[in-house]
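Novice: Chains as they are written, first to last, in this note's numbering: chain A, 87 to 222; chain B, 23 to 565; chain C, 1330 to 1656.
Think of the CB as a built atom: it goes at the ideal place given N, C-alpha and C, for glycine as much as any other residue.
Please read these numbers as outputs of a predicted model, since none were measured by experiment.
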């Protein structure tokens, strides 16, 4: 039996409406053979947790542009912890380098900078999911 | 024939009041106001410019966005700008305000005062414009979904300081159609939202002759990833849609069209951007005259505000963005813009620092005062390349209009609604964005600092603007105080009246919104009152 | 085999799912999607435990507004006290095997966020979907959801088959797109129990309705609908405005009542089970055939055929004998 397809939720937390990057990543991941469950804009940590449970998601990808990452990303990690779900959270978008360490400390599995090439995005997701599958 | 054009233009030019500067090159060579063939600037179809003397008469307005923190904070910045000689204010609002949420709403957590100023009630609006004479300044407000509420607040503040609404000059963006296509700052579904727009157009046409009730925007469409031709076509199509909608409420086109203005992007492909602005003027004039029967000259003019492309700025080696912005500002000037905002170089990373904002303003000033491009109107007119590009932009735009006309069975307005619902705009934009990304990824499209020439990036040493949580605390307290102080019953009554009026499409909602605003209802409460009747909009995923 | 003190992992997850734990249901759905021995175990556990849940299929061409309509229906069902679940099936890319599953956004919002929604990609293997979907529907029914709705895009034969295996199948068409004719071509007319003309505010809506009526008339005249015994109603709706959803659901419920009253519900379910058994057997056999052909003896046989020494028919008979002898 082959390894099942990776199922990844893609979403934006909070009010920010810039979804250009999110949509591009959705296509990239689909082209890499993944199943992208596209939740889109204006999700809350709770709505993402509910979807993650229903969809049995392997990973959660969040796109951030409005300097909200230091508040919103930890909130996502915390909501997953409360629900006792071990799903890696990957943050992409505009994250200044100096904040990456803080995000990792808060429990974010990986951070992708703006303009990260397609291969890197796909690779980061695969590694995060592989890691989860081997420990899970 | 061209001789006629030229002599007509000449007469018009002579009637213009010019700036008191020498119109010659740096080396002292005197130059003509315009070269080449007609139609000339100020002549239908205005390809070469909206005014016969263009920048010889008046430079473009250097209108820089401001907005952060509390109303008091922004009021301070406004006063500084006015003190330095500005006559125009441009207001940026925070995300909760843009989306119709109060600062104490769950959605506002972490976002209050960050991307702009926080406005919850009339009290905040009063603070925003404290000690500023609204009769003498022109104010631009960049807000869409809750636009009628902010306009009502502005009017109420003016009233309370003794300024008649008919004296108020300014613009409110209020371009809801592009929200469904690109920026996604919508609240209600398209048709009820359009009703709010036409209510405001009717209201301002009748009572605020100096006010621009819609700034038809392509900037955001381009930022979302469209091509230049799509930006051009979708924007003008939205403009046609607003014209059709306003006409259908009984407003004659020549009554309102003169107060419609446009907002385009200035991206990095230099000549394409110049051609785009030229094509915009030509298309708008022709359609307004031939399709919509406008006869007043002012109805045919496509007056443009431009902003340099935020999306073209890189986080890598951000200082080189200064060069990008300069080139884009130059393109806007050569394209004949009436007003310009130049981005700060650090915009890809955070809100601009004061230094970065100053550099952006100085960039415009260099273009305006040092380069000499303002001596001649449409200096690239007649260039085989630019004329061909202009024609090509127009051709591509016309193909899109034809598609929308078909979708809408003879109505661009209906075609736009259909395109919103079936995902046409969003799909085209997503496709264009994806093609671009693939190009960058494959190395076919070079972005300096990102996929080529990457040496020199210094991520450790960025000096970024950070906004703290003080604004949120302050706003919450302010809201509590306003709510404690106001007449709760009166608020409930005005909101109930608003919901009830919303159910009758023939009623203009500006008066009941004004009542609610004066009663100190919050923005969120007013948005909710309308939501009861209009519902909300969730987009279909079109990727 | 499973004693009280040691339950299999699948059994353990099943227990939690039956008790209403959402994430356990999510896990089970992944197991049945993946297929294999664990999926078979789930089939064992869910067989006969799906109760009286109403299985509803919703299908139609892309762009017909199915997900908006489904969202409206689900909101209505919740308002009436139901506990619906939705399986939203979307095509995988034939090139890359990946998929973008975006149906749940609108549904989720319209339903107030309180509904179980699962997105499933077709994953490109035609056999797989025909098994994965019924198995998934059984999981949801066993977990206590009722009705269980499967929403597919009705373009491929497999998708049409899937929709047709529901208790009640709703076919959605839109005016002006030739949807009615397309529906006929795709074989949807045979499986439809309720027709919905969505975007009924559009011009051409009454034409589309008329087209459907005509096609149903023809079906009746030619006797093709004899087995159906009932003429599917046509409901006009405008899902975006929220109009018509209540009527659509009323017809769906009425259809179920009709099935029960006319003793047809069991028959439908029986034919579904028969079909599933057949598909499973075919899949098992296919796997065996693949193994045989890949083995050295099989390869030799194929080489002989290629060299012209053996006819394909003779080769096939030899292989079949080997297959039957092997067990």
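Between residue 87(A) and chain C, is there a C-beta pair that is closer than 8 angstroms?
Specialist: Since pLDDT at residue 87(A) reaches only 43, below the 50 mark, its modelled position is unreliable, and no value is offered.
Novice: Can we count residue 349(B) as close to the ligand HEM, meaning its CB is less than 7 angstroms from some heavy atom?
Specialist: Looking for the ligand HEM in the displayed structure turns up nothing, as the structure carries no ligands at all.
Novice: Taking Cβ to Cβ, would you say residue 1472(C) is nearer than 8 angstroms to residue 1449(C)?
Specialist: No, the Cβ-Cβ distance between residue 1472(C) and residue 1449(C) is not below 8 angstroms.
Novice: Would you say the segment 351-358 of chain B touches the segment 324-332 of chain B, given that touching needs at least three Cβ pairs under 8 angstroms?
Specialist: The segment 351-358 of chain B, when compared against the segment 324-332 of chain B, does touch it at the 8 angstroms Cβ threshold.
Novice: Do residue 35(B) and residue 75(B) have their C-beta atoms closer together than 8 angstroms?
Specialist: Yes; because the gap between Cβ atoms is below 8 angstroms, this pair is in contact.
Novice: Could you name the residues of the same chain whose beta carbon sits closer than 8 angstroms to that of residue 24(B), not counting the 5 residues immediately before and after it, in chain order?
Specialist: Closer than 8 angstroms at Cβ, skipping near neighbours: 59, 60.
Novice: How long is the line joining the alpha carbons of residue 191(B) and residue 172(B), rounded to whole angstroms?
Specialist: The alpha-carbon atoms of residue 191(B) and residue 172(B) are separated by roughly 15 angstroms.
Novice: Please report whether the beta-carbon of residue 565(B) lies at a distance below 8 angstroms from any beta-carbon of chain C.
Specialist: Cβ-Cβ to chain C under 8 angstroms: yes for residue 565(B).
Novice: Quick one: residues in its chain with C-beta nearer than 7 angstroms to the C-beta of residue 1575(C), no 5 flanking neighbours on either side, listed in chain order?
Specialist: Cβ within range, chain order: 1405.
Novice: Tell me whether residue 363(B) sits in a helix, a strand or coil according to DSSP, three-state version.
Specialist: Three-state result, residue 363(B): strand.
Novice: For residue 1330(C), decide whether its Cβ has a neighbour in chain B, counting only Cβ atoms nearer than 8 angstroms.
Specialist: Residue placement at residue 1330(C) is flagged as unreliable, the pLDDT there being 47, under the threshold of 50; a coordinate-derived value is accordingly withheld.
Novice: Which residue spans inside the segment 462-526 of chain B form an unbroken alpha helix (DSSP H) run of at least 4?
Specialist: As far as the segment 462-526 of chain B is concerned, its whole alpha helix (DSSP H) runs of at least 4 residues are 492-507, 510-524.
Novice: Of all the residues that make up the segment 135-146 of chain A, which are near chain C by a beta-carbon distance shorter than 9 angstroms?
Specialist: Answer in chain order: 136, 137, 138, 139, 140, 141, 142, 143.
Novice: Cβ atoms of residue 1520(C) and residue 1577(C): under 8 angstroms apart, would you say?
Specialist: Cβ distance not < 8 angstroms, so residue 1577(C) and residue 1520(C) don't count as in contact.
Novice: Give the C-beta separation of residue 363(B) and residue 85(B) to the nearest angstrom, bearing in mind that I take them to be a contact with Cβ-Cβ under 8 angstroms.
Specialist: That belief holds up - the Cβ atoms of residue 363(B) and residue 85(B) are roughly 6 angstroms apart, short of 8 angstroms.
Novice: Where does the unbroken beta strand (DSSP E) through residue 129(A) begin, and where does it stop?
Specialist: That run of the beta strand (DSSP E) goes 121-129.
Novice: Does residue 152(A) get closer than 8 angstroms to chain C when you measure Cβ to Cβ?
Specialist: So, not an interface residue.
Novice: Using a Cβ cut-off of 8 angstroms, pull out every chain C residue sitting near residue 171(A), in sequence order please.
Specialist: What residue 171(A) touches in chain C: 1352.
Novice: Going by CA-CA distance only, name the one from 357(B), 414(B), 347(B), 358(B) that's closest to residue 385(B).
Specialist: For residue 385(B), the nearest C-alpha among the options comes from 347(B).
Novice: Is the shortest distance between the beta-carbon of residue 1524(C) and the beta-carbons of chain A less than 8 angstroms?
Specialist: For residue 1524(C), the answer is no, since every Cβ of chain A falls outside 8 angstroms of its Cβ.
Novice: Between residue 87(A) and residue 1365(C), what straight-line distance do the alpha-carbon atoms span, to the nearest angstrom?
Specialist: The predicted model places residue 87(A) with a pLDDT of 43, which falls under 50 and marks its position as unreliable; any figure quoted below should be read in that light. Those two C-alpha atoms are separated by around 8 angstroms.
Novice: Report yes if the C-beta distance between residue 291(B) and residue 358(B) is below 8 angstroms; otherwise report no.
Specialist: Cβ atoms of residue 291(B) and residue 358(B): not closer than 8 angstroms.
Novice: Say whether chain A places a C-beta atom closer than 8 angstroms to the C-beta of residue 1448(C).
Specialist: Closer than 8 angstroms: yes.
Novice: Decide if residue 281(B) is buried, meaning its Cβ has at least 16 other Cβ atoms within 10 Å, or exposed.
Specialist: Buried, by the Cβ-count rule.
Novice: Less than 8 angstroms between the CB atoms is what I'm expecting for residue 1468(C) and residue 1357(C), so what's the real figure, rounded?
Specialist: Indeed they touch by this definition, with Cβ atoms about 5 angstroms apart.
Novice: Along the beta strand (DSSP E) that carries residue 1384(C), what are the first and last residues, could you check?
Specialist: Start and end: 1384-1389.
Novice: What in chain C is Cβ-close to residue 444(B), meaning under 8 angstroms?
Specialist: Within 8 angstroms Cβ-Cβ: 1392.
Novice: For residue 221(B), count neighbouring Cβ atoms within 10 angstroms of its own Cβ and tell me buried if that reaches 16, exposed if not.
Specialist: Residue 221(B) comes out buried.
Novice: Flag this pair as yes or no: are the beta carbons of residue 498(B) and residue 125(B) separated by less than 8 angstroms?
Specialist: Contact: yes.
Novice: Assuming residue 1438(C) and residue 564(B) form a contact by the criterion Cβ under 8 angstroms, report the distance between their Cβ atoms to the nearest whole angstrom.
Specialist: Not confirmed; about 16 angstroms, so no contact.
Novice: Which residues does DSSP pair with residue 234(B) in a beta bridge?
Specialist: The partner list for residue 234(B) (beta bridge, DSSP) reads 193(B).
Novice: Residues in its own chain within less than 8 angstroms of residue 335(B) by CB, not counting five upstream and five downstream?
Specialist: Excluding positions up to five away in sequence, the list reads 343, 346, 347, 365, 367, 369, 370.
Novice: Roughly how far, in whole angstroms, is the beta-carbon of residue 451(B) from the beta-carbon of residue 195(B), given that I think they are within contact range, below 8 angstroms?
Specialist: Actually they do not touch by this definition, with Cβ atoms about 19 angstroms apart.
Novice: Whole beta strand (DSSP E) runs in the segment 1361-1412 of chain C with 3 or more residues, listed along the chain?
Specialist: Entirely contained in the segment 1361-1412 of chain C, the beta strand (DSSP E) runs reaching 3 residues are, in chain order, 1384-1389.
Novice: Return helix, strand or coil for residue 1567(C), following the three-state DSSP convention.
Specialist: In this structure, residue 1567(C) counts as strand in the three-state DSSP scheme.
Novice: Which residues, in chain order, does the segment 201-223 of chain B contribute to contact with chain C at a C-beta distance below 7 angstroms?
Specialist: So nothing in the stretch comes that close.
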